[in-house]
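Student: Residue numbers (my numbering): 7 to 182.
1. Helix, strand or coil: how does DSSP classify residue 173 here?
2. Can you give me the C-alpha to C-alpha distance between residue 136 and residue 79, rounded to a whole angstrom?
3. Do residue 36 and residue 130 count as a contact pair if the criterion is CB distance below 7 Å?
4. So what's residue 77 in DSSP terms, helix, strand or just coil?
5. Residue 142 bridges to which residues according to DSSP?
6. Since residue 173 and residue 148 are thought to touch, with beta carbons under 8 Å apart, how far apart are those beta carbons, to the nearest angstrom?
7. Compute the beta-carbon to beta-carbon distance between residue 152 and residue 17, rounded to the nearest angstrom, for a pair I have assumed lies under 8 Å.
8. Can you grab the Cα-Cα spacing for the pair residue 34 / residue 81, in whole Å?
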C-alpha cells in the first residue's frame, strides 16, 4: 500500500508522514532528503545548481541510499549535511529541474516497489504515485510555515534566520 502526503514547504508533511508511517509500521520515504542529497552532491562538486544538464547528470550518477533515519551518498552518511542552510536553499533549485524530478521519481517508485510506504513531497500523489491507495494534502499559510521552519531549526540547535527572512524563502520556494 502507498500513502502519499503532499504539501508546500513547511506545512508539516514530513512530521505527519513520519508519524503515520511509524503508527502503521510502514516504511517512510523522505523525498525532500533525496533532493537535498542531489543539492549537497552538486555543491560538493562545485556544480552550478542552475546548470540543469550538469545537475541532472550528477543526480543520475549519484549513488543514493535512504533508510528510515539516514541519507547516504556514495556510502557516506550525509544526514546532517543535507540539512545545512545552503543545501536547503539549493534543494529547491534542484527540485525545479525536470530531469532531476524524473530521475528521483523513478528512484522513488523503485523504493516503493513491493513495500508498504508513506511518502511525502509536493507531487507524490499526482505525479509519482497517481494510483496510490490513500492521498493527503496538508497546507498552512506562509506565515505559519515560516514560524514552523524557524521552530524546527531552533529545536535542532541550528542558527535560524530572522522570521521575515524565512518567510521570504518560503514564498520564493512556493513561486518555483
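Where is the CB? At the ideal position from N, CA and C, for every residue including glycine.
Tutor: Reading from the atomic positions:
1. helix
2. 28 Å
3. Taking 7 Å as the Cβ cut-off, residue 130 and residue 36 do not qualify as a contacting pair.
4. strand
5. 11
6. 6 Å
7. Not confirmed; about 11 Å, so no contact.
8. 20 Å
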